Structures are given as structure tokens and as C-alpha cells.
Amino acid sequence: MRWETLSSKKVFDCSIFSVYSTLRKNSADFQQEVFVIKPSDWVNVIAVTPQQEVILVKQFRQGTQEVTLEIPGGMVDPGESPLQTAQRELEEETGYVSQAWSLLGSVRPNPAIQDNFCYTFLAEQASPDKLQSLGPAEELEIVKVPLLEIPPMIASGLINHALVIVAFCFLSLARSGFFFTSK
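Next comes the structure, spelled out in C-alpha cells:
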């Protein structure tokens, strides 16, 4: 079922992803040009305070032109591990830090057209340490919500970002005794 790559070239490059035009052939010799988006890997962080509150962020999203309620996260920078990115993003976006980190799992956000991973980390005993350190294009509002209120927020559509929902699914499975092996 593997398709052979006959050629590939970058056709678009921007600061957060590149697009490649790739000619591939399947086992029946059928050839097709496909386009693959190549972003960096991403991280998401479920930060839980000693009071069992989750640190969420409200932010405007350009794609939907809506304000969303999400967990902190971002792109893995070159030379950075996913854990280092998770720690940096939590601190930059919220001012919170944690000494208790664990990887809950990883997913392929959209394998039909992308080649990256999104890693979900749990930061327990998160506490405020600094002020937010946002970039010029970032406007985030921090919201603390009791962990037990997250499932109804997902069910009602108040939290509707797919990768955030996956993150809470990982947390639920991990707390139910399931363990994952991740890339």
C-alpha cells in the first residue's frame, strides 16, 4: 500500500509551514500529484494547578475568525525537544511553570495532507511564576477552570478545538490506567 515518490519540490514557503508538490505512484502504476503541508511539530499542555484547575487560554484564531478556548501550546522550534517547547510555551503564554511533566501521547493532526506530530504534555502542580511573555501577534487571556468542568465544556462546544479535545482524551485515558507509546 506504500506509494513510491517519483519527485518532490517545494512550491510554497512561509514562516509556519512549507507546501510540497509530490508525484507518487502506487503498486498499480497509477501516478498522482499530491500536495503535502510540512509544518513543524506542535505541542499542547494541560497545566493543572494544585487546586485541580486547568489553565486555559482564550485567543482569536485567524482561520475561523473566532475567539477560542484552548490549552497553551505552540510550534517546536529547531533544536528544541517537544518537552522544552511545552515548558517554554506554558511559561510564555501563561506565566505558569511546573516541575512535574509527563508526555500523555502524540497524534498526527491531519495525515491526509500534513506530516507532523502534535505532542500532549501534562504539567501538574502548575503555579504562576512570571508574567506572560507574548509575541507582538499574541493576545491571550488566561482562564482557570476546575478540571471536572472540562468534559461539559467539550460536550457543549465551548471547547471545540480538535487537538485540545484529543489532549483531554489522552488525559482521561491515562488516568483510567491506559498507557501510550509515542514517537
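Note that the numbering used here has the sequence shown beginning at 8, numbered continuously upward. We put the CB at the ideal spot given by N, CA and C, even for glycine. Remember, predicted model here, so these are calculated numbers, not experimental data.
When only Cα atoms are considered, Met-160 and Gln-38 end up about 45 angstroms apart. Between Tyr-103 and Ile-62, the C-beta spacing is below 8 angstroms.
By the Cβ test, the region 42-49 is not in contact with the region 127-138, since fewer than three Cβ pairs between them sit closer than 8 angstroms. Look at the beta carbons and you see the region 66-78 touching the region 152-169: at least three pairs across the two are nearer than 8 angstroms. For Pro-57, no alpha helix (DSSP H) encloses it, and the DSSP letter there is neither H nor E. Counting C-beta atoms within 10 angstroms of its own C-beta, Phe-67 has fewer than 16 neighbours from the protein chains shown and is therefore classed as exposed. For the set Pro-57, Ser-140, Val-26, Leu-147, the Cα lying nearest the Cα of Asn-123 is the one of Val-26.
Here Thr-29 is bridged, per DSSP, to Ser-15, Val-41.
Residue pairing by DSSP places Lys-151 opposite Ile-62 in a beta bridge.
Boundaries of the beta strand (DSSP E) harbouring Thr-127: 125-131, taken from the DSSP string.
Secondary-structure assignment with DSSP links Phe-67 through a beta bridge to Val-74. No Cβ-Cβ contact shorter than 8 angstroms links Pro-79 with Leu-90. With contacts defined as CB atoms closer than 8 angstroms, Ile-149 and Thr-101 qualify as a contacting pair.
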